[in-house]
Amino acid sequence: MAKTKELSKDVRDKIVDLQKAGMGYKTITKQLGEKISPCGASMIMRTVRNQPRTTREDLVNDLKAAGTIVTKKTIGNTLRREGIKSCSAHKVLLLKK
1 MAKTKELSKD
11 VRDKIVDLQK
21 AGMGYKTITK
31 QLGEKISPCG
41 ASMIMRTVRN
51 QPRTTREDLV
61 NDLKAAGTIV
71 TKKTIGNTLR
81 REGIKSCSAH
91 KVLLLKK
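Residue numbers 1 to 97, in UniProt numbering, belong to the letters of the sequence shown in order.
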């Protein structure tokens, strides 16, 4: 079985209560608002590690092809949560004395 992060106690209790109320897993997922699954997050991390210059727009398109619709902001939040920070290029002067 694949490794996943454990859910907090209150989230687990909510899931159990909704399950006992007769809701299915898709309805529960939509209600709890989990944006990216652990599988999607690992796909993002794998892509960024292999190609560090990948843009958030490219990652959004990759996830859309896999069947998950997210925004660029969600991608940025996921990367930050996983410990990858954005970087900007150093400014290089064109004219040197």
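Heads up, the beta-carbon is just placed ideally off N, CA and C, and yes, glycines get one too.
DSSP-derived helix/strand/coil call for residue i
i	result
Lys35	coil
Arg53	coil
Lys72	helix
Lys91	coil
Ile84	coil
Ala65	helix
Ser8	coil
Met23	coil
Residue j beta carbon less than 8 Å from that of residue i
i	j	result
Glu82	Met45	yes
Val70	Ile36	yes
Leu32	Lys20	no
Met78	Ala41	Checking the displayed sequence, the identity of residue 78 turns out to be Thr instead of Met. For Thr78 and Ala41, yes; Cβs fall inside 8 Å.
At least 3 beta-carbon pairs within less than 8 Å: the region 20–28 vs the region 46–59: no
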